[in-house]
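Reading through the C-alpha cells given below for one structure.
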Amino acid sequence: MNVFITGATGFLGTELVKGLVGEGHQVYLLIRSMKKANALLEHLPITQRHQVHFCEGNLETTKLGLTEQTLQNLVGKIDIVFHTAAFLSFDEAHRDVIFKTNLNGTNFCLEFAKEINVKKFIYVSTAYTLGNQTTGQEELYSLNTTFVNSYEESKCHSEHAVIGYSDRFSVAIMRPSIIVGNSITGKANTTFGMYGILKAVQLLKKRSIKMNKEIAVRLLVDKNTVSNIVPVDYVVQALLLAMKYSKNETVYHLTNPNPPTNEFVIEMIKDVFDYQSLSLASIEEAPHLTDFELSINKPLEVFKEYLNRSIYFPTENTNELFSRNGQALLKMDGDMLYRIISGFSKEAMVSNK
C-alpha cells in the first residue's frame, strides 16, 4: 500500500515508519525539515530507504503547505493516511498553539485526505480524552467534558472532526495511553510520563555518586494508582492491524489491560538504578517535604493527574482488532517492564559518556 504519515519524525511516527517499510509499504512523509528527515532515514536499513518519499509541508496551512505538483502526484495514489502529529504539552500557556496544531492541523489533514481521495484515515489520539473521569469508553466523549488540560481538550475536539468525515472515507480513532519504550530493547525517545520519574532518579543517582551516599527522597505519587503504560511496538502493531481490519467510525483503546501500580514501577526503578532510598508519598504529605524533595518533584507536577488517578479503559474493539489476526492484547509482565526501564538506564549511561 501507499501510506501518507504526519508526525513521522516523532517517537511513535518513527517506529510506525519502520513497521510500515518492514511490511513492504511505500510511505509518504509530511516533513518540515530535511535534517530531521535524513535522521529518520538512518533508522532504516539502506535496502528499505527507497520506500520512503518526503513531502515538504506543514500542518499550519491549507493543503498541508504542499505544492500543487505534489498534491496532483498524490491524488488517487495514497490508500491510507496516518495522522500522528500533535503538539504535546500540558502547559496552559501553550493553549493557542496546542489547538492550532492539534485541531486546526487535523482539519487541514482531513481536507487534504478528501482532496487526494484516500480510502482510510487513521487518527492517533490519546486515551485521555475522557478528561477527569475514571472509566473510559470506546466511543466519542462529549465536548462538554471537564478536561485536565488543553491537550486532552484539543484531541477530543479533533476526534469529533475526524468522525465528521466518515461519509467521505473510512475513519478510525486510535487512543494510546502512555507510550513507553520498546518491549524488547527498552529503547525510547520521549520524556513524558514515567520518563519524568526516570530522569529524576537518574539525577539523584548522579548526585549520590558525587556525595558518596544516597539521598532519601519521597515522590508525590500514589502507590496504589496504576500507570497505564504501553510499549511503542505494541502501539505500532495495533496501527498496522488497523490498516487491514479497523471499522469505520470506530474507536480503539491502545491501553494496558493489566497496568502495573506505581509502587511496582518504583520498586523496579529502584532495582534498575540500584537506588533504594526512594519512597512514594501522597499529595497530602507535600507540606512535609524538604526543599530538595520539592525540587525533585517539581518536574512531575504536570503529570500529577495521571500519577494519582487510576483509570479503567475497556478494550472490546481493540480485542476484536487483534483477534482478527490471531493475536492477543498486551501482556506486560515484570520482565518486560524491567527491560523498558533498563533501556532508559542504558541510554542515559551512553549519553553521559
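Just so we're aligned, residue 2 is where the sequence shown starts under my numbering, counting upward by one. Glycine included, C-beta positions come from ideal geometry on N, C-alpha and C. The model shown is predicted, which means the values in this text are computed figures rather than measured ones.
(request) Consult DSSP for residue 6 and reduce its assignment to one of helix, strand or coil. (result) Locating residue 6 in the sequence shown gives position 5, where the first residue counts as 1. Residue 6: strand per DSSP, three-state reduction.
(message) So if DSSP puts residue 50 in a beta bridge, which residue, or which two residues, is it bridged to?
(response) For this step, residue 50 is matched to residue 49 along the sequence shown. Answer is none; residue 50 lacks a bridge partner.
(request) Whole angstroms is fine: what's the gap from residue 19's alpha carbon to residue 45's? (result) Here residue 19 refers to the residue found at position 18 when the sequence shown is read from its first residue. Here residue 45 refers to the residue found at position 44 when the sequence shown is read from its first residue. So the alpha carbons of these two residues sit roughly 7 Å apart.
(message) Using the three-state DSSP reduction, which class does residue 273 fall into: helix, strand or coil?
(response) Here residue 273 refers to the residue found at position 272 of the sequence shown. DSSP places residue 273 in helix when its eight states are reduced to three.
(message) Extract the residue ranges of the alpha helix (DSSP H) inside the stretch 141-209, only unbroken runs of 4 or more that lie entirely within it.
(response) Complete alpha helix (DSSP H) runs here, min 4: 151-164.
(request) Out of 174, 191, 170, point me to the one whose CA is closest to residue 180's CA. (result) Numbered from its first residue, the sequence shown carries residue 180 at position 179. The shortest CA-to-CA distance from residue 180 to any of 174, 191, 170 is the one to 191.
(message) Helix, strand or coil for residue 26? Go by DSSP, reduced to three states.
(response) Here residue 26 corresponds to residue number 25 of the sequence shown, with the count starting at 1. In this structure, residue 26 counts as coil in the three-state DSSP scheme.
(message) Going by the DSSP bridge assignment, what does residue 282 pair with across the sheet?
(response) Counting from one through the sequence shown, the residue named residue 282 turns up at place 281. Note: residue 282 sits in a beta bridge opposite 221.
(message) Closer than 8 Å is the cut-off here; do at least three beta carbon pairs connect the stretch 315-325 with the stretch 245-253?
(response) Yes: at least three Cβ pairs fall under 8 Å.
(request) Leaving out five residues on either side along the sequence, give the residues of the same chain with a beta carbon under 8 Å from the beta carbon of residue 329. (result) Taking the sequence shown and counting its residues from 1, one reaches residue 329 at position 328. Within the same chain, residue 329 has close Cβ partners 323.
(request) Evaluate residue 17 with the Cβ neighbour count: other Cβ atoms within 10 Å of its Cβ, from every protein chain shown; 16 or more gives buried, anything less gives exposed. (result) The count along the sequence shown starts at 1 and reaches residue 17 at position 16. So residue 17 counts as buried.
(message) With a threshold of 8 Å on Cβ separation, who are the neighbours of residue 135 within its own chain once the five nearest residues in sequence on each side are excluded?
(response) Along the sequence shown, read from residue 1 onward, the residue named residue 135 stands at position 134. Counting only Cβ-Cβ distances below 8 Å, and skipping sequence neighbours, we find 310, 311, 312, 313.
(request) From the DSSP output, in three-state form, read off residue 57 for me. (result) Your numbering for residue 57 matches position 56 in the sequence shown. If DSSP states are grouped into helix, strand and coil, residue 57 belongs with the strands.
(request) Give the straight-line distance between the Cα atoms of residue 254 and residue 55, rounded to the nearest whole angstrom. (result) Residue numbering aside, residue 254 sits at position 253 when the sequence shown is read from its first letter. Residue numbering aside, residue 55 sits at position 54 when the sequence shown is read from its first letter. C-alpha separation (whole angstroms): 30 Å.
(request) May I ask you to verify whether the stretch 100-120 touches the stretch 80-92, counting CB pairs closer than 8 Å and requiring at least 3? (result) Note that the stretch 100-120 touches the stretch 80-92; at least 3 beta-carbon pairs, one per stretch, sit closer than 8 Å.
(message) For a quick check, are the C-beta atoms of residue 316 and residue 262 less than 8 Å apart?
(response) As a first step, residue 316 is located in the sequence shown; it is residue number 315 there, counting from the start. As a first step, residue 262 is located in the sequence shown; it is residue number 261 there, counting from the start. No, the Cβ-Cβ distance between residue 316 and residue 262 is not below 8 Å.
(message) Taking the beta strand (DSSP E) that residue 255 belongs to, which residues open and close that run?
(response) Residue 255 sits at position 254 when you count from the first residue of the sequence shown. From DSSP, the beta strand (DSSP E) with residue 255 extends over 251-255.
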